[in-house]
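Please read the structure below before turning to the comments.
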Amino acid sequence: MYKIMIVEDDEAICEELKNLLESNNYEVVILKNFADACNEILLNSPHLILLDINIPYINGEILLQDLRKKSDIPVIMVTSINHEKDEALSILYGADDYITKPYNPYILLLRIKAILKRTTNNYLEITYKELKFDLRKYTLKKGNIEIILTKNEMLIFSYLISHQNKIVTRDELMTILWDNALYINENALTVNISRLRGKLKEIGYDNVIITRKGLGYILT
Amino acid sequence: MKFSEYLKDNIYKIIIYLICYSINLLIYLAFKVPKSVIISTLFTEIISLTLIFLIPYYRKKKFYNDLLLNIKALDKSYLVLETLNKPEFYEGKILYQALYDINKSMNENVKKIEKHFLDFKEYIEMWIHEVKIPLATLILISNNHRGLFAKKTKRELKRLENYVDEVLYYERSENAEKDYLIKEVNLSEVIKNVGLKNMDDLLENKIDFLVKDVNFHVLTDGKWLEFILGQIINNSIKYKKNIKNSYIKIYGEESLNKTTLIIEDNGIGIKKHDLNQVFDKTFTGDNGRVVNKSTGMGLFIAKNMCEKLGHKIHIESVYNEYTKVFITFAKNEYYDVIK
Chain A
206 MYKIMIVEDD
216 EAICEELKNL
226 LESNNYEVVI
236 LKNFADACNE
246 ILLNSPHLIL
256 LDINIPYING
266 EILLQDLRKK
276 SDIPVIMVTS
286 INHEKDEALS
296 ILYGADDYIT
306 KPYNPYILLL
316 RIKAILKRTT
326 NNYLEITYKE
336 LKFDLRKYTL
346 KKGNIEIILT
356 KNEMLIFSYL
366 ISHQNKIVTR
376 DELMTILWDN
386 ALYINENALT
396 VNISRLRGKL
406 KEIGYDNVII
416 TRKGLGYILT
Chain B
17 MKFSEYLKDN
27 IYKIIIYLIC
37 YSINLLIYLA
47 FKVPKSVIIS
57 TLFTEIISLT
67 LIFLIPYYRK
77 KKFYNDLLLN
87 IKALDKSYLV
97 LETLNKPEFY
107 EGKILYQALY
117 DINKSMNENV
127 KKIEKHFLDF
137 KEYIEMWIHE
147 VKIPLATLIL
157 ISNNHRGLFA
167 KKTKRELKRL
177 ENYVDEVLYY
187 ERSENAEKDY
197 LIKEVNLSEV
207 IKNVGLKNMD
217 DLLENKIDFL
227 VKDVNFHVLT
237 DGKWLEFILG
247 QIINNSIKYK
257 KNIKNSYIKI
267 YGEESLNKTT
277 LIIEDNGIGI
287 KKHDLNQVFD
297 KTFTGDNGRV
307 VNKSTGMGLF
317 IAKNMCEKLG
327 HKIHIESVYN
337 EYTKVFITFA
347 KNEYYDVIK
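From first to last, the protein sequence lines are chains A and B. Residues in the first sequence are numbered from 206 upward in steps of one, following this note's numbering. Residues in the second sequence are numbered from 17 upward in steps of one, following this note's numbering.
Dropping the structure here:
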């Protein structure tokens with residue numbers, strides 16, 4: 206399980222962020238001692254840091270510079286300063302991404318996932334039951350049978366796999382697709398899901414994607 | 017300074033002089049002063065009168081003419097004092113000093129207002145950053161507690177966020193200070209962010225978001241451009257037609273020296289007589305009265321921002337058919353060479 210550290214002085218947002226991350230299978234640590242932030246971060250050695258710019262004692266950009274002298278832990282700046290200048294500076298100082306508040310929670314999760322994937326060994330093949338799923342070639346393999354997915358189906362299926370046995374809302378699926386510049390509408394999503402179901406059935410997995418009316422889908 | 021006007025202004029001196037000279041003449045005649053003496057005094061009188069008129073005229077003429085001319089020539093006429101030499105004559109000195117004092121007091125006043133304005137600007141920026149934190153918390157809360165209630169809350173929060181951004185960008189775009197950073201930006205990246213931001217609204221209103229040929233690099237401030245496109249798309253959503261296949265098409269066109277981004281919708285369009293005014297402050301027009309949900313500031317701010325960034329923006333529309341917004345980015349050859 207990945208450990209994420211939140212560096213943020215607003216308690217309310219810390220708590221909600223913690224809830225969000227924990228319900229998505231991350232371990233969460235919240236920085237307590239801002240006076241000695243750099244050391245506390247290094248002691249905890251998280252896999253990723255969510256760093257605000259307006260924090261007590263020193264500002265987030267300076268903390269980032271200090272941190273970069275000692276460590277390469279990925280950092281996402283999460284700030285209410287919506288300014289190209291600050292973004293450019295943060296990236297220059299070594300931030301991996303820059304997200305402005307208020308943000309779409311799914312987008313935050315996607316960015317976290319993308320960075321963790323990039324910095325840890327990127328596995329491009331995942332498995333679901335006896336299926337081998339190649340994310341580069343968009344193919345599903347079971348024994349000798351191979352099925353090719355479209356990019357939409359690939360994105361939907363990989364997201365469902367990473368949230369197996371949990372409800373995934375249509376909203377979440379839409380966000381991933383739009384985040385990949387695939388601006389489809391509600392009907393198209395329904396069509397994509399039923400095509401994906403068809404392809405899974407072909408390969409012997411009938412009814413693995415279950416519809417929960419008004420809520421979303423579950424991959425069993 | 018006209019001589020005729022100057023003469024008119026001093027006519028009383030001539031009258032007094034003539035009266036005095038007439039009395040003198042009578043006295044001369046009464047005392048039987050010889051004619052040759054009268055003529056010679058007349059001669060000196062005329063010379064002295066002329067000099068008395070001409071010397072002050074030429075002393076003043078230079079100062080006043082420079083004053084009037086320079087006021088006209090300067091675009092900031094309050095700076096005129098800096099261009100003048102201090103006059104030698106008494107009235108001129110009084111005027112010069114008075115202008116100097118007035119100027120000084122006005123400058124102090126302007127400084128005060130400028131400072132007040134800057135303080136307010138700073139405060140607004142800070143306030144906006146502060147208000148975004150509870151906003152972010154609320155969005156997280158409504159996301160963590162799913163359901164219909166959360167969905168409605170999320171929509172209202174998004175509206176709130178839009179209004180807050182409107183103030184932020186209004187303040188930034190109205191300001192003389194450079195609040196932007198121009199660098200190379202990929203249009204498809206900006207459009208993706210705008211799309212994601214408006215995804216819920218677009219899906220809910222069943223508007224298809226059709227994007228093609230936008231993989232162009234332009235020189236702009238990405239955040240500003242996001243806001244500008246956001247305003248245009250917000251308008252398209254607000255003024256959509258009640259039909260099944262509503263769409264917003266976004267596509268780019270590139271030519272030798274410019275890149276144009278076109279945002280086209282099949283909404284209710286803009287009436288011809290409103291078309292020239294859509295970029296005006298607080299203008300809502302006929303459409304605004306129908307939908308009744310606009311501050312009329314969005315496009316005004318967008319236009320302002322485009323001007324600052326050096327982009328051209330214009331709108332074509334046929335009422336009841338379509339609206340097309342064109343944003344043109346100039347290509348910078350110098351930049352290409354450096355690259």
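The beta-carbon is built from N, C-alpha and C at its ideal position, and this holds for glycine as well. Nothing here was measured: the structure is a model prediction, and the numbers come from that model.
{"query": "Using beta-carbon positions only, say whether Leu272/B and Ile343/B come within less than 8 Å of one another.", "result": "no"}
{"query": "Using a cut-off of 8 Å between C-beta atoms, extract the partners of Ile286/A located in chain B.", "result": "His145"}
{"query": "Taking the alpha helix (DSSP H) that Phe295/B belongs to, which residues open and close that run?", "result": "Note, Phe295/B: premise wrong, no alpha helix (DSSP H); not H, not E."}
{"query": "Under 7 Å Cβ-Cβ, which residues of chain A neighbour Lys88/B?", "result": "Those within 7 Å of Lys88/B in chain A number zero; the least Cβ separation is about 42 Å."}
{"query": "Hey, Glu146/B and Pro307/A: beta-carbon distance below 8 Å or not?", "result": "no"}
{"query": "Just checking my contact of Ile279/B with Val341/B at CB under 8 Å: how many whole Å lie between their CB atoms?", "result": "5 Å"}
{"query": "Kindly list, in the order they appear in chain B, the residues whose Cβ is closer than 7 Å to that of Ile312/A.", "result": "Leu212"}
{"query": "Using the Cα positions of Ser56/B and Gly108/B, report the straight-line distance between them to the nearest angstrom.", "result": "36 Å"}
{"query": "What residues from chain B crowd round Thr416/A, counting only those whose CB sits closer than 7 Å?", "result": "Correct list: empty, because the minimum Cβ distance to chain B is about 16 Å."}
{"query": "With distance defined between alpha-carbon atoms, name the residue in Glu200/B, Glu138/B, Ile155/B, Ile110/B nearest to Tyr311/A.", "result": "Ile155/B"}
{"query": "Per the DSSP calculation, Glu332/B is bridged to which residue(s)?", "result": "Lys340/B"}
{"query": "Interface residues of chain B around Asn309/A at Cβ under 7 Å?", "result": "Leu212"}
{"query": "Flag this pair as yes or no: are the beta carbons of Leu97/B and Leu115/B separated by less than 8 Å?", "result": "yes"}
{"query": "List, in order along the chain, the chain A residues whose C-beta lies closer than 7 Å to that of Ile367/B?", "result": "With chain B covering only 17 through 355, there is no way to say anything about residue 367/B."}
{"query": "For Asn86/B, does the three-state DSSP call read helix, strand or coil?", "result": "helix"}
{"query": "So is Asp215/A buried or exposed if we call it buried at 16+ other beta carbons inside 10 Å?", "result": "buried"}
{"query": "Give me the Cα-Cα distance between Met215/B and Ile87/B, rounded to the nearest whole angstrom.", "result": "56 Å"}
{"query": "Consult DSSP for Phe47/B and reduce its assignment to one of helix, strand or coil.", "result": "coil"}
{"query": "By DSSP, does Ile110/B sit in helix, in strand, or in coil?", "result": "helix"}
{"query": "With the cut-off set at 8 Å, would you say Phe295/B and Gly312/B are in Cβ contact?", "result": "no"}
{"query": "Between which two residues does the beta strand (DSSP E) containing Asn214/B stretch?", "result": "From DSSP, Asn214/B is part of no beta strand (DSSP E) but of the alpha helix (DSSP H) over 203 to 220."}
{"query": "If you reduce the DSSP assignment to three classes, tell me which class Met379/A lands in.", "result": "helix"}
{"query": "Let me see if you follow: with CB-CB separation under 8 Å, is Ala152/B close to chain A or not?", "result": "yes"}
{"query": "Compare the Cα-Cα distances from Glu266/A to each of Leu297/A, Ile350/A, Val234/A and report the closest residue.", "result": "Leu297/A"}
{"query": "Would Glu104/B pass as an interface residue toward chain A - the criterion being a Cβ-Cβ separation below 8 Å?", "result": "no"}
{"query": "Could you pull out every residue in the same chain whose Cβ sits closer than 6 Å to the Cβ of Met282/A, ignoring the five residues on either side in sequence?", "result": "Leu256, Ser295, Ala300, Tyr303"}
{"query": "Quick one: what's got a C-beta closer than 6 Å to Met206/A's C-beta in the same chain, skipping five residues either side?", "result": "Glu232"}
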